[in-house]
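Enquirer: Supplied in structure tokens, the structure appears directly below.
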Amino acid sequence: MSETSQATEARTFSPPEQLAAHANVGPEIYDEAAADRLAFWAKAARRLTWTQEWDEVLDWSNPPFAKWFAGGKLNVAYNCVDRHVEDGHGDQVAYHWEGEPGDTRTITYAQLKDEVCKAANALTELGVRAGDRVAIYMPMIPEAVIAMLACARIGAVHMVVFGGFSADALASRLDDSGAVLVITADGGYRRGAPSALKPAVDDAVGRSSGVRNVLVVKRTEQDVEWTEGRDLWWDDVVGRQSTEHEPESFDAEHPLYIMYTSGTTAKPKGILHTSGGYLTQVSFTHWASFDLKADDDVFWTAADVGWVTGHSYIVYGPLSNRATSVMYEGTPETPHRGRWFELIQKYGVTILYTAPTVIRTFMKWGEDIPAGFDLTTLRVLGSVGEPINPEAWLWYHKNIGGGRCPIVDTWWQTETGGHMINPLPGVTTLVPGSAQAPFPGISAKVVDDEGNELGDDSTGLLVITDPWPSMLRTIWGDDQRYVDTYWSRFAEKGFYFAGDGAKKDADGNIWLLGRVDDVMNVSGHRISTTEVESSLVAHPAVAEAAVVGASDPTTGQGIVAFVILRGSAEQQGEGASGDDLVQTLRNHVARDIGPIAKPRQIMVVQELPKTRSGKIMRRLLRDIAENRELGDVTTLTDSSVMNMIKEKLPAAP
Ligand code: 6R9
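The sequence shown begins at 391 in our numbering and counts up by one.
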């Protein structure tokens, strides 16, 4: 593979003529939004069905606590399901679901409505009330979506935890959110075998005081432990409910969900999203960014619902727009490396949205695999989760998009709820590798450390300068941390600090450069260095640990850990069994946090570089992990430490 640097990539791609001619939005949308931002978002909000009109589009009287569409009332689930059935589209497929073993389910909007109503009645019977938190820890099966919508329908706040996370991760989230119910499954299929979910739930719920019931979907039929009185089968409780359920209207600012994301400290942040503004932006961006045509398209976000991308672009965006979606349970290589392409061919997928890490994996596997399938139905491609390097962009464009599909590279975050910076497929001349321009109605800037806007051809920090409808409203239970984390860096200017570095090229296109704080991005998953460090230090052999994200050709960043062993373990680390210990530690982290957090490499060292205030200088360790000349070491307490570390290390890959 040749290196294609961002600076040297010069090819651009104008919108396909046919697509541009019939696109949902044309170039005028930028002027319209610029002329009156709030009127623009109000118009987007009117695409939804409200039972009561709002009094004010934006109430920003108490920044950074925003209220969008205050006074307005709606039901999010009604907007995603019922209104399409009432409009005569009950027979339209909402999801073509495909299990990893090849079993399938086709769910129409009418069927989805019945299932959501039954689940809403079941939750009510279990005593769940508006405002209560419900944890969802599920494989990628339709019940995950049904459970989310059932919560939304009754005003309960869902909190989806990615099924790959450990019992510990689940336990801390149950605790922090104060969940009263956990909805899970016996297991799911992953890489050709059933993997269990229930044991982690039993472990986590055993440590939590607030969870009253565990509702279990039968998916794999594997044996599960059962706690009488607490555990209930989904089929028993939901199965017998009525398909009638009257949706109640909730305030636009009623909480919709909490999604936890890693920060710079070990404690994950519960990002809170509310109803009206969130659905407005997610629905509108889904329609405009992908040029979604409800009657014709087959839309596929190939991601997990346990990631914000799944919330916004598998569930709320597509359903609010009456899209027909594909939902797939498993991994791309099961039972063979052409599985995704087979699904595109089978369902006639027209829009595919996925992450660069998957594209880079497909590149590694070779272009012969996609070439063996009919992918000609595709017309728009999307990318999300990390910067897509121009080489991967061009490969995606040629080998999956057949050279004819625009690629929409969408920059956004759990915190932003929906797309923020991306090209529009019928409007923008694409620059491979760049997310290009703020979405209409979004005000993003690249600034220097003082918050001064930078001109073209410069590098700085990404900020959002005005509130947007699907912005997070706070960190669950911690307003101060919300202020400190996002709004204190540029407090005087009132900017939202995204935590990403960004560059503006000579033409004003925005290029995202990754996290500037200590959050790593591994295959699109955000993992904090502190989280992994805490896990390592929890192992009896480890005295101290420092973790950095080093650039990795496949996963974006790879986790590299530097550990100082405890006295008793030191000899092991030096001796022949050192490799064993390193393996043990890698597995320990995988078990503790989840497989995604397993360090790529662990190096045993004598010392770690620290500042006078005791902070580990990860920047220097990153230099080592990426085999670079060391940067500035003047703030180290002891600059000889770096030489010591370098001497002891094998050459980094
Ligand atoms: C949606 C999502 C957010 C962080 C974000 C940034 C990185 C996401 C990106 C991108 C460059 C893109 N990121 N999309 N970087 N180009 N198109 O990924 O949310 O999991 O919260 O991660 O991911 O660093 O700050 P989340």
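The beta carbon of each residue, even a glycine, is placed where N, CA and C say it ideally should be.
With DSSP as the reference, label N779 as helix, strand or coil.
Expert: Residue state, collapsed to three classes: coil.
Enquirer: Determine the direct distance from the alpha carbon of V415 to that of A467, and round the result to whole angstroms.
Expert: 26 Å
Enquirer: Using the C-alpha atoms, what's the distance from P529 back to G738?
Expert: Each residue's Cα considered, the two are about 24 Å apart.
Enquirer: Return the CA-CA distance between A366 and D493, expressed in angstroms with no decimal places.
Expert: No answer is possible for residue 366: the residues shown for the chain start at 391 and end at 1043.
Enquirer: Counting only C-beta atoms, is K508 closer than 8 Å to chain D at any point?
Expert: Going by chain labels, chain D is absent from the structure shown, which holds only one protein chain.
Enquirer: Just reading off the alpha helix (DSSP H) that Y786 is part of, what are its end residues?
Expert: It is not in any alpha helix (DSSP H) - Y786 carries neither H nor E in the DSSP assignment.
Enquirer: Throw me the rounded Cβ distance for the F689 and T714 pair, which I believe falls under 8 Å.
Expert: Contact between F689 and T714 holds, with the beta-carbon distance rounding to 7 Å and staying under 8 Å.
Enquirer: Got a sec: does the ligand NAP put a non-hydrogen atom nearer than 7 Å to the Cβ of R916?
Expert: In terms of ligand content, the structure shown lacks the ligand NAP and carries the ligand 6R9 instead.
Enquirer: Can you determine whether any heavy atom of the ligand 6R9 sits closer than 7 Å to the C-beta of G904, and answer yes or no?
Expert: yes
Enquirer: Under 8 Å, do G808 and I778 count as touching if we go by C-beta distance?
Expert: Contact annotation: G808 and I778 have beta-carbon atoms that are not nearer than 8 Å.
Enquirer: How is the alpha helix (DSSP H) around Q870 delimited, first residue to last?
Expert: First-last of the alpha helix (DSSP H) with Q870: 869-872.
Enquirer: Short of 6 Å in beta carbon distance, which residues of its chain neighbour H548, apart from the five on each side in sequence? Order them along the chain.
Expert: V524, I526, M538, C541, Y647
Enquirer: Any contact of the stretch 586-601 with the stretch 466-480, i.e. 3+ C-beta pairs under 8 Å?
Expert: no
Enquirer: Could you check where the alpha helix (DSSP H) with S924 kicks off and where it finishes?
Expert: 919-927
Enquirer: Just grab the DSSP bridge partners of K463 for me.
Expert: Per DSSP, the beta bridge partners of K463 are Q442, D641.
Enquirer: Got a sec, what are the start and stop residues for the alpha helix (DSSP H) E407 sits in?
Expert: 407-412
Enquirer: Where in the stretch 650-696 do unbroken runs of the beta strand (DSSP E), each at least 3 residues long, occur, reported from the N-terminal end onward?
Expert: 659-664, 688-691
Enquirer: How many Å lie between T875 and V909 at the Cα?
Expert: 13 Å
Enquirer: Is it true that the CB of A881 sits closer than 8 Å to the CB of A940?
Expert: It is not a contact, given that the beta carbons lie outside the stated cut-off.
Enquirer: Within the continuous alpha helix (DSSP H) that includes M810, where are the two ends?
Expert: From DSSP, M810 is part of no alpha helix (DSSP H); its letter is neither H nor E.
Enquirer: Kindly list the residues whose CB is nearer than 7 Å to the CB of R981, restricted to its own chain and excluding five residues on each side of it in sequence; keep chain order.
Expert: S556
Enquirer: Under the three-state reduction of DSSP, which class applies to K503: helix, strand or coil?
Expert: Under the three-state reduction of DSSP, K503 is assigned to helix.
Enquirer: Taking all protein chains shown into account, decide if Q826 is buried (16 or more other Cβ within 10 angstroms of its Cβ) or exposed.
Expert: buried
Enquirer: Using the Cα positions of Q442 and T806, report the straight-line distance between them to the nearest angstrom.
Expert: 25 Å
Enquirer: Which whole runs of the alpha helix (DSSP H) in the stretch 580-607 are 4 residues long or more, in chain order?
Expert: 588-596
Enquirer: Would you mind sorting S404 into buried or exposed? The rule is 16 or more other CB atoms within 10 Å of its CB.
Expert: exposed
Enquirer: Using a Cβ-Cβ cut-off of 7 Å (strictly less than) and excluding sequence neighbours within five positions of G545, which residues of its own chain qualify?
Expert: A520, G521, E638, F640, H644
Enquirer: Could you check if G772 belongs to the surroundings of the ligand 6R9, using beta carbon to heavy atom distance under 7 Å?
Expert: no
Enquirer: Buried or exposed for K835, please, with buried defined as at least 16 other CB atoms from any protein chain shown within 10 angstroms of its CB.
Expert: buried
Enquirer: I want to check one thing, is the minimum distance from the CB of T747 to the heavy atoms of the ligand 6R9 below 7 Å?
Expert: Distances between the C-beta of T747 and the heavy atoms of the ligand 6R9 are all 7 Å or more.
Enquirer: Which two residues bound the contiguous alpha helix (DSSP H) that contains Q631?
Expert: Unbroken run through Q631: none, as it is neither H nor E.
Enquirer: Taking all protein chains shown into account, decide if A928 is buried (16 or more other Cβ within 10 angstroms of its Cβ) or exposed.
Expert: exposed
Enquirer: Where does E488 land, buried or exposed, given buried means 16+ other C-beta within 10 angstroms?
Expert: Answer is buried; the Cβ neighbour count reaches 16.
Enquirer: Can you tell me the Cα-Cα spacing of G841 and W783, whole angstroms?
Expert: Between G841 and W783, the C-alpha separation is close to 31 Å.
Enquirer: Tell me the DSSP bridge mates of V572?
Expert: A525, V604
Enquirer: Exposed or buried, which one is E515 when buried takes at least 16 other CB atoms within 10 Å?
Expert: exposed
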